[in-house]
Amino acid sequence: MKSVVLLSGGQDSSVCAMLERQVSDVTCLFVNYGQRHLVERESARAFCTKFGFDLVELDFPQYAGVSNSSDFASGESPVISNRNALLLTVGCSLAQKIGAESVTIGVCGSDQDLFADCRVDYLRVLNGLVFPLGEVKMPLVHLNKADVLQLGCRLGLEDWLKNGSHTCYNGSRKNNWWGVGCGECLSCQVVLKAVGGVS
Ligand SMILES: [Zn+2]
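Numbering-wise, the sequence shown is residues 5 to 203 according to this note's numbering.
What follows is the structure in structure tokens.
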């Protein structure tokens, strides 16, 4: 059985790839949608090299021209309009091309409030529209960040999650006791809270 996992180079999607590998032959997909920091691509490539995953890359940086994916300043909203609709649409196209039965997206419980396109109802509607004969999997959707990190450690990703993956919105690769990042952006704050570093 084949599957596609949307890989950003971050913690959640890395855990998804290792989880899905337990039940299927995984192809990872990285999409350059004009995100501010292509260090994400380097992280996705490093993950696939380190753990032996096939990686397909799609370059669509022009998306930044019609979305807010590259022009929000630090501290402003990190919401990128319709990003997951874009990612799932191309992910489901790849799945149908290679004969995969599912596409996995690494949304987790911590994303639900802020990001409308991470919610179960939204993703299920998309599933029916762009991959009616396949399944959009969201295995982390009921887990908070701490749960995801613990799951990743059980899957052998402890070092990768702390020192390899990239989640910082500011593109920082600074090494800290809790992981890699600036420690100040929303994404880093979620990680810090998960590991008990924020009161
Ligand atoms: Zn950060």
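Positions of the beta carbon are idealized from the N, C-alpha and C atoms, including for glycine.
Please go through the same chain and pick out, in chain order, the residues whose beta-carbon is closer than 6 Å to the beta-carbon of residue i, but skip the five residues on each side of it.
{"i": "L23", "result": "P143"}
{"i": "N88", "result": "D121"}
{"i": "C96", "result": "V107, V134, F135"}
{"i": "C112", "result": "D16, L144, L147, V152"}
Under 9 Å, do residue i and residue j count as touching if we go by C-beta distance?
{"i": "V145", "j": "L130", "result": "no"}
{"i": "T31", "j": "S7", "result": "yes"}
{"i": "V60", "j": "L98", "result": "yes"}
{"i": "G13", "j": "H170", "result": "yes"}
{"i": "F34", "j": "R25", "result": "no"}
{"i": "N167", "j": "G183", "result": "yes"}
{"i": "V27", "j": "R177", "result": "no"}
Go ahead and pull the three-state DSSP assignment for residue i.
{"i": "F34", "result": "strand"}
{"i": "S203", "result": "The predicted position of S203 is uncertain, since its pLDDT is 39 and thus under 50; a value taken from the coordinates is nonetheless stated next. Here S203 sits in coil by DSSP."}
{"i": "V194", "result": "helix"}
{"i": "V70", "result": "coil"}
{"i": "G3", "result": "Outside the displayed span of the chain (5 to 203) sits residue 3, for which this structure offers no information."}
{"i": "V152", "result": "helix"}
{"i": "S114", "result": "helix"}
{"i": "V94", "result": "helix"}
{"i": "S12", "result": "coil"}
{"i": "E139", "result": "strand"}
{"i": "F76", "result": "Because the pLDDT of F76 is 48, which lies under 50, any placement of that residue in the model is unreliable, and the number read from its coordinates should be weighed accordingly. The answer is coil: DSSP assigns F76 none of H, G, I, E or B."}
{"i": "L147", "result": "coil"}
{"i": "E61", "result": "strand"}
{"i": "S7", "result": "strand"}
{"i": "T108", "result": "strand"}
Measuring straight from C-alpha to C-alpha, what distance separates residue i and residue j?
{"i": "D29", "j": "C20", "result": "13 Å"}
{"i": "D117", "j": "G110", "result": "15 Å"}
{"i": "K101", "j": "V94", "result": "10 Å"}
{"i": "N36", "j": "R123", "result": "22 Å"}
{"i": "F204", "j": "L165", "result": "What the structure shows of the chain is the stretch from 5 to 203, and residue 204 is not part of that stretch, so it cannot be assessed."}
Between residue i and the rest of its own chain, which residues show a CB-CB distance below 8 Å, the 5 nearest in sequence each way excluded?
{"i": "E162", "result": "G156"}
{"i": "D58", "result": "V30, T31, C32, C52"}
Can you list, in chain order, the residues of its chain whose CB lies under 7 Å from that of residue i, leaving out five sequence neighbours each side?
{"i": "E105", "result": "M5, K6, S7, G138, E139"}
{"i": "S114", "result": "N148, K149, V194"}
{"i": "G175", "result": "R40, H41, V43"}
{"i": "S17", "result": "V9, L10, L11, G110"}
For chain B, check one thing: does any of its Cβ atoms lie closer than 9 Å to the Cβ of residue i?
{"i": "Y37", "result": "Although the question refers to chain B, the structure presented lacks it and comprises just one protein chain."}
Practice prompt. When you get a sec, list the residues whose CB is within less than 7 Å of any heavy atom of ligand 1, chain order please.
Written response: Taken from the N-terminal end onward, the list reads C172, Y173, N174, S176, G185, C186, G187, E188, C189, S191, C192.
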